[in-house]
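Residue numbers (my numbering): 288 to 406.
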């Protein structure tokens, strides 16, 4: 496998998941911390996905650093703009996650703001 920003990010995620609860700050609401954990889990799942994987119409993912949407049971990839990579990120104002094209440093800051370490 050729390393990409997405696989490097996911590698950091796998190492950080074990320590995320211990490093979470007490000032972050519980739902925001959970959003961070949920986004980490999605990024880990996305790291092993391929554009040729089966999918359910309407499903969205980040595959090889690109935004992927399932259309007629097939993923259609849309590249992010230059210098950006697709990530699942935690929402900070309500429950949930979002898939966005972002810089890796900015994505990591969003995870830190959610009270978890790594993305």
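Positions of the beta carbon are idealized from the N, C-alpha and C atoms, including for glycine.
Whole-angstrom C-beta distance between residue j and residue i, which should lie under 8 angstroms
i: residue 407; j: residue 322; result: What is shown of the chain runs 288 to 406, which leaves residue 407 out entirely.
i: residue 336; j: residue 348; result: 6 angstroms
Beta-bridge pairing of residue i - partner residues as DSSP gives them
i: residue 374; result: 387
i: residue 369; result: Looking at the DSSP assignment, residue 369 forms no beta bridge with any residue, so it has no partner.
i: residue 361; result: 358
i: residue 348; result: 355
For residue j and residue i, the rounded distance between their alpha carbons
i: residue 397; j: residue 390; result: 11 angstroms
i: residue 343; j: residue 356; result: 9 angstroms
i: residue 401; j: residue 373; result: 18 angstroms
i: residue 369; j: residue 388; result: 10 angstroms
i: residue 393; j: residue 341; result: 31 angstroms
i: residue 386; j: residue 378; result: 10 angstroms
i: residue 318; j: residue 360; result: 32 angstroms
i: residue 334; j: residue 315; result: 27 angstroms
6 angstroms CB neighbourhood of residue i in its chain, flanking five on each side removed
i: residue 351; result: none
i: residue 366; result: 353
i: residue 375; result: 326, 329, 330, 384, 386
Own chain, CB closer than 8 angstroms to residue i, minus 5 neighbours either side, in chain order
i: residue 364; result: 338, 350, 351, 353, 354, 355
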